[in-house]
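First up is the structure itself, then whatever we jot down about it.
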Amino acid sequence: MSGYCQTEDTYYFHHESRGFKAMNKMGVLPKYRGIIVHDFWKSYLKYKCEHALCNVHIQRELDNIFKKHKQEWAKEMSDLLYEIKEHADCARKQDTKIDEEPIPKAHLI
C-alpha cells in the first residue's frame with residue numbers, strides 16, 4: 006500500500022511490490038515536479054523532483070545512533086530538530102514566519 010497526500014487530498018494505491026515499479030504504476034511520482042517528503046527509501050530518489058527527508062524518520066535514525074553507539078552529536082542534532090519544531094509550531098499558531106534569530110547561530114554552522 007502506498008499513499009500520497011497533499012493538504013486536503015490523499016491517494017492510496019495497492020500493488021504487490023512497494024518499490025519503483027509500484028510507484029510508476031501508481032502514476033503520481035513520474036509526473037510530479039514539486040517537493041516530495043519521504044523516508045530514506047532509494048526508490049523515491051529516482052524521481053526528478055525536489056526531495057525532503059521526513060523529520061520523524063531522521064529523529065528515529067538519530068535516536069538509534071545515540072542509543073546504540075552513544076554518539077553525543079546525534080543527541081545534540083535530535084534536540085536541535087525538536088527545538089526547531091517548537092519554533093515552527095509556535096509560528097504557525099501565531100500565523101507568522103520563523104525568524105532565524107531564535108535559533109542559536111552555533112547550531113547553523
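If you're matching positions, the sequence shown starts at 6 in my numbering and goes up one per residue. Ideal Cβ placement from N, Cα and C applies to all residues, glycine included. Since the structure is predicted, the reported quantities are computational estimates derived from the model, not experimental observations.
Beta-carbon proximity check, residue i vs residue j, cutoff 8 Å
i	j	result
residue 57	residue 33	no
residue 65	residue 54	no
residue 83	residue 94	no
residue 24	residue 16	no
Bounding residues of the beta strand (DSSP E) (the contiguous stretch that carries residue i)
i	result
residue 18	15-18
residue 33	That residue, residue 33, is in no beta strand (DSSP E); it is neither H nor E in DSSP.
residue 58	55-58
residue 83	Where residue 83 is concerned, there is no enclosing beta strand (DSSP E), although the alpha helix (DSSP H) it sits in stretches over 77-98.
residue 7	7-10
residue 103	Looking at the DSSP string, residue 103 is not in any beta strand (DSSP E), and its letter there is neither H nor E.
Beta-carbon separation (whole angstroms), residue i vs residue j, contact threshold 8 Å
i	j	result
residue 31	residue 48	At roughly 11 Å, the Cβ-Cβ gap does not stay under 8 Å, so residue 31 and residue 48 are not in contact.
residue 3	residue 102	The displayed coordinates of the chain run from 6 to 114. Any statement about residue 3 would go beyond what the structure contains.
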